[in-house]
């Protein structure tokens, strides 16, 4: 039986990760034990990336991941879920640090800021441990790469231990392909409210 192919061309967020796990669940109920996950992702949510990694790693299934474009940030953690990790020749891997967004009008006390910073450090450590364990490197190497915003081409990623094989072919002919993608919907502005017309006052003429 051929592996089921899942094309993950999306950010790592709740909607896409839930779709990924649901697709795997459904196919495993049908007796599928081998999956190829094609990944091209700009990154996304740390919690969803780590959750997807832990879920896929814990399954009684064979997972192959294949970078077919660009795997960035937390997308690298998802990529590491594959026991066999491939990449097309024209691809990249981009490391960068964790960040948190604040609302413009948000006031934060010192204790809250300390907790946020602690959370960032924990996220960095978890990401570094996952990548280091799978690439056979020291966690500090990964942390340094994240802080530097390092980019690796497939050959460099292979030397780094992240990629096992560089391969253009993605899957066999006739394979079932499940697409997971996400398109940001444009924000629709409410129709402008009509304002009552004000009587126009003539402006003094200037010479």
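Residue numbers (my numbering): -12 to 194.
Idealized CB from N, CA, C, for every residue including glycine.
Under a three-way DSSP split, which group does residue i fall into?
{"i": "residue 227", "result": "Missing from the structure shown is residue 227; the chain here goes from -12 to 194 and no further."}
{"i": "residue 166", "result": "strand"}
{"i": "residue 137", "result": "coil"}
{"i": "residue 184", "result": "Confidence at residue 184 is low in this model, with a pLDDT of 42, below 50, so the placement of that residue should be treated as unreliable; the coordinate-derived value is given next. Residue state, collapsed to three classes: coil."}
{"i": "residue 62", "result": "helix"}
{"i": "residue 25", "result": "strand"}
{"i": "residue 150", "result": "coil"}
{"i": "residue 161", "result": "coil"}
{"i": "residue 32", "result": "coil"}
{"i": "residue -1", "result": "strand"}
Report the rounded CA-to-CA distance for residue i versus residue j, giving the unit in angstroms.
{"i": "residue 133", "j": "residue 143", "result": "15 Å"}
{"i": "residue 136", "j": "residue 115", "result": "13 Å"}
{"i": "residue 68", "j": "residue 126", "result": "17 Å"}
{"i": "residue 74", "j": "residue 62", "result": "14 Å"}
{"i": "residue 166", "j": "residue -4", "result": "8 Å"}
{"i": "residue 79", "j": "residue 54", "result": "8 Å"}
{"i": "residue 146", "j": "residue 124", "result": "11 Å"}
{"i": "residue -8", "j": "residue 20", "result": "12 Å"}
{"i": "residue 64", "j": "residue -11", "result": "25 Å"}
{"i": "residue 17", "j": "residue 151", "result": "29 Å"}
{"i": "residue 60", "j": "residue 161", "result": "32 Å"}
{"i": "residue 111", "j": "residue 98", "result": "20 Å"}
{"i": "residue 264", "j": "residue 66", "result": "Only positions -12 to 194 of the chain appear in this structure, which leaves residue 264 out of reach."}
{"i": "residue 183", "j": "residue -6", "result": "Any reading at residue 183 must be qualified, since the residue scores a pLDDT of 41, below 50, and its modelled position is unreliable; no value is offered."}
Between residue i and the rest of its own chain, which residues show a CB-CB distance below 7 Å, the 5 nearest in sequence each way excluded?
{"i": "residue 50", "result": "22, 24, 43, 68, 69, 70"}
{"i": "residue 47", "result": "none"}
{"i": "residue 56", "result": "27, 78"}
What whole-angstrom Cβ distance do residue i and residue j have, given they're in contact under 8 Å?
{"i": "residue 149", "j": "residue 122", "result": "5 Å"}
Sorted by chain position, which residues of the same chain lie with C-beta nearer than 6 Å to residue i's C-beta, five sequence neighbours on each side aside?
{"i": "residue 153", "result": "74, 76, 141"}
{"i": "residue 2", "result": "none"}
Give every residue of the same chain whose Cβ lies closer than 8 Å to the Cβ of residue i, excluding the five residues on either side of it in the sequence, and list them in chain order.
{"i": "residue 195", "result": "In the structure as shown, the chain starts at -12 and stops at 194, and residue 195 therefore has no counterpart that could be examined."}
{"i": "residue 113", "result": "33, 37"}
{"i": "residue 119", "result": "125, 126, 128, 129"}
{"i": "residue 138", "result": "79, 80, 81, 82"}
{"i": "residue 0", "result": "31, 32, 35, 169"}
message = Can you confirm whether the segment 151 to 158 touches the segment 103 to 120 when touching is taken to mean that 3 or more C-beta pairs between the two stretches lie within less than 8 Å?
response = no
inquiry  = Check whether the segment 33 to 40 and the segment 10 to 18 touch, using three or more Cβ-Cβ pairs below 8 Å as the test.
reply    = no
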